[in-house]
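In terms of the UniProt record's numbering, the numbers along the sequence shown are unbroken and rise by one, the last being 84. Contents: one structure, followed by commentary.
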Amino acid sequence: MDGLRSDKKNPTDANECEGEFTMTEDNKARNKFDEAKGKAKEGLGKATGNEQWQAEGKIEQNTSKLKQAGEKVKDAFTSDDKRP
Numbered sequence: 001m002d003g004l005r006s007d008k009k010n011p012t013d014a015n016e017c018e019g020e021f022t023m024t025e026d027n028k029a030r031n032k033f034d035e036a037k038g039k040a041k042e043g044l045g046k047a048t049g050n051e052q053w054q055a056e057g058k059i060e061q062n063t064s065k066l067k068q069a070g071e072k073v074k075d076a077f078t079s080d081d082k083r084p
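This is the structure:
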């Protein structure tokens with residue numbers, strides 16, 4: 001052979017884009033974590049009577065939910081691209 005290994009994947013192969021999916025999953029996990037953190041902050045604010053923490057917790061939850069919605073839209077568009 002001329003130095004090329006036959007077991008190497010073609011970098012333009014559709015299966016090679018695994019890093020892209022990992023990043024999306026990482027974003028989804030991070031958004032869920034941020035939502036839970038916001039919920040905890042809001043609950044702690046309610047328990048202690050701290051209105052600022054309550055407001056910040058609600059903002060964090062809503063921001064996370066918007067990001068999750070954006071991920072769903074992105075998934076909808078990328079899944080259409082993978083169809084033959």
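Here a beta-carbon is modelled for each residue, glycine too, at the ideal position from N, C-alpha and C.
> Going by beta carbon distance, what residues of the same chain come within less than 7 Å of Glu-56, once the five residues before and after it are set aside?
Replying inline: In the sequence shown, residue 56 corresponds to position 56, counting from 1. Excluding sequence neighbours, Glu-56 sits near Lys-41.
> Apart from the five residues just before and just after Asn-31, which ones in its own chain have a Cβ nearer than 6 Å to its Cβ?
Replying inline: In the sequence shown, counting from the first residue as 1, residue 31 sits at position 31. Here the set comprises Ser-64, Lys-67, Gln-68.
>> Helix, strand or coil, according to DSSP, for Gly-49 in the structure here?
In response: For the purposes of this step, residue 49 is taken as residue 49 along the sequence shown, with counting starting at 1. The answer is coil: DSSP assigns Gly-49 none of H, G, I, E or B.
>> Helix, strand or coil, according to DSSP, for Thr-12 in the structure here?
In response: Against the sequence shown, residue 12 aligns to sequence position 12. With a pLDDT of 46 at Thr-12, under the threshold of 50, the predicted position of this residue should be treated as unreliable, and no value is reported.
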